[in-house]
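Input: a single structure, listed below in structure tokens.
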Amino acid sequence: MALEKASIKPINGSRSGETIQVLFNPTEYSLETSNQFQRIAVPGTSTPVTQFVSGNTQTLTMDLFFDSYEKRQDVRYYTKKITSLLDIDPALHAPPICEFHWASLNFKATIEQVTQKFTLFLDSGIPVRATLSVTFQEYRTLTEQLQAIRKESSDRTKRITVKQSDRLWQIAHKEYEDSSLWRSIANANQISNPRILAIGTELVIPILK
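For the sequence shown, this note's numbering begins at 385 and goes up steadily by one.
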């Protein structure tokens, strides 16, 4: 069974929902992941202290091949569909966010760079064969990143001090992004009446399991 065609789909802006299918599937792709560390020199030590700063977004790179020689058609008709995703969308005032989809790979990203290489031309000079080297930079909202941290990390138990007008459901919404989880806070702090929170009381915010 033939492998499905890879595609690029803008998911916001004026081109949202458009599907751009590649002419030929890539023969390979690369995924790069890295972390950022800060190295601080401490007087009297032989090596600097290394401190984790943050993770970096993943980078997906690949070469896409285009050939329109048999149709005697300008290959830029096809390549422009991809290179134009670098243009500023008037509805967003920025390039669109896209999703690259191929088999089990779904990668939400912005297109950071496209290098075009034209390798075959008609007698008229019209290019009919091209290779596009495309770089996608992973895109995740702050909410998506925080949700991933909560699901996968071993966060330490947090403590907060009740302020005037605080309510359990508001605290649950702030800490868990789900106000219905207020019972977890109530149970951890042995609160029998969730309507009464004494100002200045220290509450334990338990880790969700």
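All C-beta atoms in this analysis are idealised placements derived from N, C-alpha and C, irrespective of residue type, glycine included. Here the structure is a predicted model, which is why all the values come from computation and not from measurement.
- Query: Is DSSP giving ILE569 helix, strand or coil here?
  - Reply: helix
- Task: Could you check if TYR462 is buried or exposed, using at least 16 other CB atoms within 10 Å of its CB as the buried criterion?
- Result: buried
- Task: In the DSSP assignment, find the beta strand (DSSP E) that holds HIS477 and state where it starts and stops.
- Result: Run containing HIS477: none; DSSP gives neither H nor E here.
- Message: Within a Cβ cutoff of 8 angstroms, which residues of the same chain sit near ILE589, ignoring the five residues on either side of it in sequence?
- Response: THR541, LYS542, ARG543, ILE544, ILE555, GLU559, ILE569, ALA572
- Item | Per DSSP, cross-strand counterpart(s) of THR545 | GLU586
- Message: Going by beta-carbon coordinates alone, are VAL433 and VAL426 separated by less than 7 angstroms?
- Response: yes
- Query: beta strand (DSSP E) containing SER554: first to last residue?
  - Reply: Sequence check: residue 554 is Gln here, not Ser. Per DSSP, GLN554 belongs to no beta strand (DSSP E); it is in the alpha helix (DSSP H), 552-560.
- Task: Assuming LEU587 contacts VAL546 (C-beta within less than 8 angstroms), just tell me the rounded distance between them.
- Result: 6 angstroms
- Item | Sequence-distant residues of its chain with Cβ nearer than 7 angstroms to GLU388 (five each side left out) | ALA487
- Pick out whichever of SER452, ALA582, ASP473 has its Cα sitting closest to the Cα of SER400. ASP473
- Message: Less than 7 angstroms between the beta carbons of ALA493 and GLU522, yes or no?
- Response: yes
- Message: Considering only DSSP beta bridges, list what GLN419 is partnered with.
- Response: The displayed chain sequence assigns Asn, not Gln, to residue 419. Partner(s): GLY439.
- Item | Same chain, Cβ closer than 7 angstroms to SER538, neighbours up to 5 away in sequence not counted | Low confidence applies here, because SER538 scores a pLDDT of 43, under 50, leaving its location unreliable and the question unanswered by this model.
- Message: Pop quiz: PRO394 and LEU469 are said to be a contact at Cβ under 8 angstroms. What is the actual Cβ separation, rounded to whole angstroms?
- Response: 7 angstroms
- Message: Give me, in chain order, the residues of the same chain whose beta-carbon lies closer than 6 angstroms to that of THR403; leave out the 5 immediate sequence neighbours on both sides.
- Response: SER391, LYS393
- Item | Buried or exposed (CB count within 10 angstroms, at least 16 for buried), ALA475 | exposed
- Query: The beta strand (DSSP E) with THR519 in it runs from where to where?
  - Reply: 511-522
- Query: Taking DSSP as the reference, what is the three-state secondary structure of ILE611?
  - Reply: Only positions 385 to 593 of the chain appear in the structure, and residue 611 is not among them; the question remains open.
- Item | Residues sharing a beta bridge with GLN574, DSSP | GLN574 is not bridged to any residue.
- Task: Check whether the region 414-425 touches the region 448-458, taking contact to mean three or more Cβ pairs, one atom from each stretch, closer than 8 angstroms.
- Result: no
- Item | Best match in HIS557, THR525, ILE580, GLN457 for proximity to LEU506 [C-alpha to C-alpha] | GLN457
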